[in-house]
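In what follows, a single structure is set out as structure tokens and then discussed.
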Amino acid sequence: MSISRKEFLLIAAGGLLTASSQKQETRIMTITGPIKASEMGKTLIHEHFLVDFIGADKINYNRWNRDDVVKKVLPYLQEVKQHGVKTIFDCTPAYLGRDIILLKTLSDKSGIQIVTNTGYYGAVDNKYLPPHAFTETAEQLASRWIAEFEKGIEGTNSKPGFMKISVNPGSLSELHKKLVRAAGITHLATGLTICSHTGPAIPAMEEIELLKANRIDPSAFVWVHAQAEKDKDFHQKAASLGSWVSLDGIAWGDYDNYADSILRLKNANLLNRVLISHDAGWYKPEETGGGNFTGFTNIFTQLLPILESKGFTKADVEQLLVKNPAEAFEIS
Ligand SMILES: [Zn+2]
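Add 8 to the 1-based position in the sequence shown for my numbering, that's all there is to it.
Below you can see the structure in the form of structure tokens.
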């Protein structure tokens, strides 16, 4: 096909414009490489495709058959695509079933952009921590996580797009403080946002303070499972500090309570600090056929109708599912 000189010049100019705007635009790191934050679209920031709770001492990739997992999970990805979802964050960390080859296959077959994580999961009294997490310093742990971002995960070219750590529900132990410090070091080196499975406000506020003491802005921190804190004033407190408040168990009912929490934050002009997701899924290797799987649609079928009945606009929904995820996870 031949093109006119005028068309050629237009295309060339367009190419230059694209190249220069790409430089300035922040990125989201998916398992197949970086995309522009504006390409992320409607996003679920906390879901699971597979979780294996066997423990760090026994887990290995032979405990599940990837073809079986794909067969089970794919219809749920196709279902959520019907609701316009373009990107899903897989929050299963290493030693709990993070499987890059599985994630790549699911992404290829579904067309959903998948984002994976680096970091270690300290909750459940350290059952999911590898031995070196107990002995190494925060700097040494961080260097492992930074290497995954710089070189790729386990010999693949897939890089993490965020951090997933976790802590117990009470005041932070020394070990869990070390995980938070390691996450802070990794954030400063890579720009990756820190999602910490936390729950109640006591450890959440301690994490924010500890990060601040290490010169890390609260906006780099996502308070995961904030719905576990019943005193909703703490949601506002964390959001006012600039942290992200993740109300992320919407697969599991309690929709009016979620709507109330989100509405309070909106009324406090803090909707721009709220993240929502289902924490749904997942294939369970220890159960026949992977056990029961919960889909990723209750936000669309249950929660949004309640929010709309309370005056939520299209722009508010866009803020929750498109704008906030892009801002929370952009790597600048
Ligand atoms: Zn989760």
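Where is the CB? At the ideal position from N, CA and C, for every residue including glycine.
In this structure, T34 places its C-beta atom within 7 Å of the C-beta atom of E338. For V230, the uninterrupted beta strand (DSSP E) run begins and ends at 229-232, by DSSP. Judged by DSSP secondary structure, H205 falls outside any alpha helix (DSSP H) and instead within the beta strand (DSSP E) spanning 202-205. When distances are taken from the beta-carbon of D225 to the heavy atoms of ligand 1, even the shortest one reaches 6 Å or more. A buried status is given to K274, since no fewer than 16 other beta-carbon atoms sit within 10 Å of its beta-carbon. The residue from H195, S285, Q86 with its alpha-carbon nearest to that of S340 is H195. Q327 and V253 have their C-alpha atoms roughly 14 Å apart.
Around the CB of Y266, 16 or more other CB atoms lie within 10 Å, so the residue is classed as buried. Looking at the DSSP output, R35 shares a beta bridge with K44, I339. The three-state reading of DSSP puts F57 in coil, since its state is none of H, G, I, E or B. Annotation for D287 indicates a beta carbon within 6 Å of some heavy atom of ligand 1. When rounded, the separation of the alpha-carbon atoms in L52 and V330 is 9 Å. If you draw a straight line from the Cα of T164 to the Cα of S115, it is about 15 Å long. Under DSSP, Q121 forms a beta bridge with T95. CA-CA distance, G169 to M213, rounds to 24 Å. Contact fails between the segment 289-301 and the segment 311-320, because fewer than three Cβ pairs, one in each stretch, are under 8 Å apart.
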